[in-house]
Structures are given as C-alpha cells and as structure tokens.
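Notes follow once the structure below has been shown.
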Amino acid sequence: MSSGGGCLRLLAMGISSGCEVATCLDGGINNMSGTGKEQNCPSHIHLPDDILELCLLRLPLSSLMTARLVCKKWSALTKTNHFRQIRSQPRYRNPWLFLVGASSCDAGTSAIHAFEVTMNRWRRVNCNDVLQRRILFSVAGVDTDLYIVGGRSSSSAGHSVRRKPVKTHKDVFVYCTLTGSWSKPASMNCARSSPVLGVFEFRSNHAVFNDTYSENQQTYRNSRRSLVYRASDVYGDPHHCSLRRNVTEDSSIITSDDETAKQNKKKKSSSIKRFAIIAVGGVGSWDEPLDSCEVYNPTANQWLTTGKLPANFGVVCSGVVLNNTFYVYSESDKLAGYNLKLGNWISIQIHANPPLLRLPGYSPRLVCCSGRIFLITASFLERGVEIVFRKVWELSSLSSSSCLLTEVGRHPDAPIDVDAEFFGDGDKIYGVEMFKIFGQKLDFLTAGDFSDKKEQPRWIRLSTNHAGCSSSYNAKKLVVLNI
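Numbering (mature numbering (1 follows the signal peptide of the UniProt record, and there is no 0)), first residue to last: -18 to -1, 1 to 465.
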C-alpha cells in the first residue's frame, strides 16, 4: 500500500481544529482492503511529513493505533521520539479509564477493559495471559503506563481439584498504552496481595532513595580502589609514587571536566519528570496483614523497603499522594501520612463533622482531585435512621497532626456494590459499580465534577451494562490515564 493515497485522505479532510481524521481511518481501511489500491486518488500527490505529523497528532489514541496500520511510513512517523514528546503534551491527551480484573466469562482469566471518555467507547486490552488466574492485585498509573503489582492466584489449572494451592505474588507487570506491549520490571521484596499503591514525582533529595545512592557510591569507591592498586602492582610501584604524581598533574583537568559533565547531567535530568511507586500493606503469603512499605525506583529498577506503619494502625484499605505525602486510611478509620522527602510516618487525628456513621463491610476510599483529598464512604444518613448513602467527605484543615472531615456531597446511586472503585483525575472523580440484583447483572460508570468548591458536585453516568460475570465484581480495579 503506497503512502500517497493515505496521505491524500488527510489532505482532503483538512487540518482545521475540527479535523475528523478518525472517521477517515475507521472506514478507509475497510475500503482499501478489498481493492488493494486507492481509487480516484492520484498516486503522485504526497502530503509533506510535517503536515502529516500535525494531522496525526490530533488523532485520539484509538484512531492513532489504526493509523499505524495504514502504511509503514505512518507507523514509523508515529513511533519517533519527537512525535512521542509532542504527543505527551497535555493538550494532546485525553482521559482513558482502565477497568482491570473485570472478565466477561467465568474462565478464571482477568481482563482489562479501556473506556475512552471522549469517544464514549469501550475497548478490550490484550493481556497476553499476564493476568491468567490472578486476583487481588493492585494497579497504578504512571504517566501512560499501567502497573499491575502483586496479587494472588492458584497454581493448579484443573477445575476438578477441590483445594487448590494458593500462591501470593511479588511480580510486577507494566503495560505501555502507546505501544501495546508488556514488560516485567524488578519484583517486590515481599510477596503481597491487595497492596495500597501511590505514585509520586521524585527528586534526588528524597530520603527513600538515599540508601541506594550511598550503596552505589560505596561500590564505586571500592571498585576504583581495587583498580588503582592493580595498576600500581603491574608497573612495580609499591609506594604508589606514580599514582601520586599523576593525580597531582591531572587533578585540575579531571575536576573541571567532571564539574562540567555533572552540570550538564543535572540540567538534563531536572527537565525530565520521574515517577516512583510506593506500596504499603496488603496480605502476605500466610494470610497475615502486612505493615511494611516498599518504594520502587524506576531509575535503578529496584524496590527499597522503608519504615513500617504506625503501631495499631489497622488494615490499610486506601491511599493517595498529595504534596510529597502519601496518605493512607485503615479499616479502623485511622489516617496516617508518609513524608516522601523525610521518609517517616506520622499519625493524623480525624475530627468528623457530622459523625462518619460508616456502614461495616464497605471499604472507604481516599481520592485526590483538584488538589484536595476526599474520603468516600457508605454511611447512615443520621444516627438511628437506617438509610444509607455513599457520602463524599473532604479532608480539610489537613496538618501533620490532625484534619477535619466535612461532608461535601453524596453519590446519586444507592451503595449496593460493596467493592465499588473510585479514582480522581483532574477536576473529576470517576466511579465504577458492579452488582447483581433480581438475577440481573448491572454495572455503572459515573463521573463527578468537583471543580467548584462552593457548589455540590454534579454526577453524570458515562456508561452502563458493559462488564460481565459476577466473579469480577470484587476483583475489579479502576485507574485513569491521560493518553
């Protein structure tokens, strides 16, 4: 297939702000597949690469994936580093909701479904058997990558075995949404299922990475010392006179070169955003609740074990990152914060107004949205009244020792799903609920607008009745990526 005809399609549609290139791609490939060549299109007309790149940049991600199948030229143009850097700008990104763990059958294999908000369309992601027979994992979004951490699965594939041995995993899998490929970074130090994850942007001054930096520096010094001694022994200089002479002569040159290289490297690294993942709690291999904490450094590709949770904190059920602090909430209604720069835990006293009156069995969810932290709970309307709502609380007056919980709104749907998932992105909070009632399987995908602090949040329903079997109701995880 020549690139001229495909380029002409974009040329005919124009490059205005309302360019509907996606419509061309959706119908164009089917029309070209039967004839093998473009009809009524002169093959000698070509669109310049810079104009073609501008057109491809405007495409939604789903249409961009389709555009890569048009010809080799389009595929190569959309995979260059220059194209990816421009594409990573906020104006070219759209929110995608990834529902991980919801399967459409009872085959025991978890699936990943992606919902494109702007196109109002669901898509299924190819897992390549990564999530086969795996449940109770946790998910996190880092830029445009989807991380799947830990989990639990049965090592037996036969359905006739009554008691199946259970294995808790410490593996980590990464799905790149731009390329559709899977990778496997370093595993955690401790196997855990259902850990609470947080994503934060880190710098070299974060205390959680100081131990690694010191170990690397010590290893470097030891290796340099061994090389120096071996070089002196070869030349028969037991008193290292040649070494002292060389150091004296070349110290000024080496120092100036090293300083220049360090400054250039520092400027280059400061312009690149780097994100790390922190994992807290979960359940271990012997069904014991864990209070340990691990941090993943993507630069060194390793996990570091940090300080434990405060004493008598309880089972961690949710967590978010805001202003270099990782806030976690427990089933016993306790709040704690981990300072990512200093590397220490602090306990935070909660004052709720009105009282929480939380319904047992419903796990509360911490959500970060619009630079604010919210707590979503299933609570009674008031004391003595058996009417339950899903309430949204804001953690206001947040300090290092206390915070105030204030009710700011309610979710419009009845809290039927015990394991409802919520995730904050930008000015919105997205939620997914799945349940079975009167023999009918239902699921709802909703979004709440929290941009205005003075008004009640407005909730809308994005999608209904998409996901499948009842076995995935308590295994689903929700994460939002801007792609």
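Every residue, glycine too, gets a C-beta built ideally from N, C-alpha and C.
Treat the numbers as computed from the prediction; the structure is a model and nothing was measured.
* Asked: Between the stretch 341 to 353 and the stretch 319 to 333, do three or more beta carbon pairs fall short of 8 Å?
  -> no
* Pick helix, strand or coil for Q174, following the three-state DSSP scheme. => The question names Gln, yet the displayed sequence has Arg at residue 174. If DSSP states are grouped into helix, strand and coil, R174 belongs with coil.
* To do: Put H64 into one of helix, strand or coil per three-state DSSP.
  => helix
* Are the Cβ atoms of E415 and A429 separated by less than 8 Å? -> no
* **Rounded C-alpha distance that separates M170 from Y309** => 21 Å
* To do: Would you decide whether H333 is buried or exposed? Buried here means 16 or more other CB atoms lie within 10 Å of its CB.
  => exposed
* To do: Hey, could you find the ends of the beta strand (DSSP E) A49 is sitting in?
  => Per DSSP, A49 belongs to no beta strand (DSSP E); it is in the alpha helix (DSSP H), L43 to A49.
* Nearest neighbour of R440, chosen from R40, L81 and I411 [CA to CA] -> I411
* Please confirm whether R185 and V265 have their CB atoms less than 8 Å apart. => no
* **Per-residue burial, S163 [other beta carbons within 10 Å of its own, 16 or more giving buried]** => exposed
* Check the C-beta distance from G325 over to V298 and give it rounded, since I have them as a contact under 8 Å. => Not confirmed; about 18 Å, so no contact.
* Asked: Exposed or buried, C158, counting other C-beta atoms within 10 Å across all chains shown (16 or more means buried)?
  -> exposed
* Nearest CA to the CA of Y320: which residue from E313, S312, V303 and N335? -> V303
* Asked: Would the beta-carbon of D425 fall within 8 Å of that of S352?
  -> no
* Assigned secondary structure, K435 (DSSP; H/G/I helix, E/B strand, else coil) -> coil
* Give the DSSP-derived three-state secondary structure of V462 in the structure shown. => strand
* **Rounded straight-line distance, which links the Cα of F420 to that of V349** => 31 Å
* **Beta-carbon separation (whole angstroms), S312 vs G296, contact threshold 8 Å** => 4 Å
* Would you decide whether A261 is buried or exposed? Buried here means 16 or more other CB atoms lie within 10 Å of its CB. => buried
* To do: State the Cα-Cα distance for the pair V124 and K54, rounded to the nearest angstrom.
  => 29 Å
* To do: Report buried or exposed for P337, applying the criterion of at least 16 other Cβ atoms within 10 angstroms of its Cβ.
  => exposed
* Is the beta carbon of F417 less than 8 Å from the beta carbon of I398? -> yes
* Using a threshold of 8 Å, state whether the C-beta atoms of L387 and N305 are closer than that. => no
* To do: Under 6 Å Cβ to Cβ from S196, same chain only, skipping five residues before and after it: list those, please.
  => A caution first: S196 carries a pLDDT of 40, below 50, which makes its placement in the model too unreliable to give a value.
* Pick from E98, L46 and F80: whose alpha carbon is nearest that of C109? -> F80
* Can you pull the DSSP bridge partners for N326? -> N321
* Give a yes or no on whether the C-beta atoms belonging to N76 and V107 are separated by under 8 Å. => no
* Asked: Going by C-alpha distance, which of R256, I442 and P271 is nearest N283?
  -> R256
* Three-state secondary structure (DSSP) of I419 -> strand
* State buried or exposed for A396, treating a residue as buried only when at least 16 other CB atoms are found within 10 Å of its CB. => exposed
* To do: With a threshold of 16 other CB atoms inside 10 Å of the CB of N13, please say whether the residue is buried or exposed.
  => The predicted model places N13 with a pLDDT of 41, which falls under 50 and marks its position as unreliable; any figure quoted below should be read in that light. Exposed.
* Asked: What residue from F155, T161, V156 and G132 has the CA that sits closest to K149's CA?
  -> G132
* Look at the alpha carbon of S70 and the alpha carbon of V82, and state the distance between them as a whole number of angstroms. => 23 Å
* Report yes if the C-beta distance between S165 and S120 is below 8 Å; otherwise report no. => no
* Asked: Residues bridged to Y309 by DSSP?
  -> V302 and G319
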